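Have a look at the structure below, then the notes.
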Amino acid sequence: MKRPIIAVTTSYANINDLENQTVNPFYLDAIVKAGGEPRLLDFLFPTTEVTAMIEDASGVLVIGGDDIEPSLYGCEREKECGESCIIRDEFEMEVVRMAHILGIPLLGICRGVQVLNTAMGGTLIQHVPAVTGVNHQQKSGNVFWHDVDITPGTILSEIVGTDRIAVNSYHHQAPMQIAPGLRVAAKSRDGIIEALESLPGEPWQLGVQWHPERTVGKDKYSLRYFEALVNAPLAP
Ligand code: MN
């Protein structure tokens, strides 16, 4: 049987003065383990091509990466905001909007939930350490670090089947104002929004600040996000 195609965004990295589009293989491995077939999305394509690039996909995965250019969500850049790759930002925001219009399920991880929120009309905390006492940027993102409380009755609570889980945490920013059509699915104990998802009746969207792709096999939850994406229904 043909595997469902999952379109995956790519990151930008300058390595030894060479510009690279990259994707951590953990993301791809998790999709394959969940039964999907990853297809990489090249952000150098014009945003007018996005529909053609994703319209036959069964799902979209928006991966982690750098901070988003604040002017794209209508805010002034604060001095603690990290560098942005605007071409990537604009491309991914279009991916989120078109996936929503086409009814294609979408999972956002780390920066991915930030792209989801800003593309749909929300804003971001530009420097989480300024508003919380908890360090949300571990040196290594591969160990469980802080708990999140999961909102009952959400897509996320159905995926994990419990109201609190331990997660890794490797993010610099986080959602601030929540976009229309989204709701909070998880918060950390210090009040940071750790997961957003679409409201009932909207196309399937879920975004988490943690990195389940790095902990597949280390707990019983991490692979389930990817299985949920691969198996999520297209909106009618
Ligand atoms: Mn966190």
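Residue numbers for the sequence shown, in the numbering used here: 7 to 242.
Using N, Cα and C, we set each Cβ at its ideal position, and we do this for glycine too.
None of these values were measured; they are calculated from a predicted model.
For residue i: DSSP bridge partner residues
i: H152; result: V173
i: A185; result: DSSP lists no partner for A185.
i: P52; result: According to DSSP, P52 bridges with nothing at all.
i: L247; result: The chain is shown only over 7 to 242; residue 247 falls outside these bounds and no answer can be derived.
i: Y231; result: None, per the DSSP bridge assignment.
i: K193; result: D155 and I199
i: I12; result: P44 and G65
i: D225; result: V222
Bounding residues of the alpha helix (DSSP H) (the contiguous stretch that carries residue i)
i: G298; result: Residue 298 lies beyond the residue range present for the chain, which begins at 7 and ends at 242; the question has no answer from this structure.
As assigned by DSSP and simplified to three states, the class of residue i
i: A58; result: helix
i: N26; result: strand
i: L78; result: helix
i: E96; result: helix
i: A136; result: helix
i: S163; result: helix
i: P242; result: coil
Contacts around residue i, its chain only, beta-carbon distance under 6 Å, and the 5 residues preceding and following it disregarded
i: A36; result: E219, V222 and F232
Extent of the continuous beta strand (DSSP E) run through residue i
i: P3; result: The chain is shown only over 7 to 242; residue 3 falls outside these bounds and no answer can be derived.
i: S17; result: S17 to I21
7 Å CB neighbourhood of residue i in its chain, flanking five on each side removed
i: S90; result: D72, D73, I74 and E75
i: L162; result: I156, A191, A192, A201, E203 and L212
i: I199; result: A180, P181, V190 and K193
i: N174; result: Q144, G147, N148, V149, F150, W151, W216, H217, R220 and T221
i: S243; result: Because the chain here runs from 7 to 242, residue 243 falls outside it and cannot be looked at.
Near the ligand MN, which residues have their beta-carbon closer than 7 Å to a heavy atom? H142, H152, V173, S175, H177, S194, I198, E200, Q215 and W216
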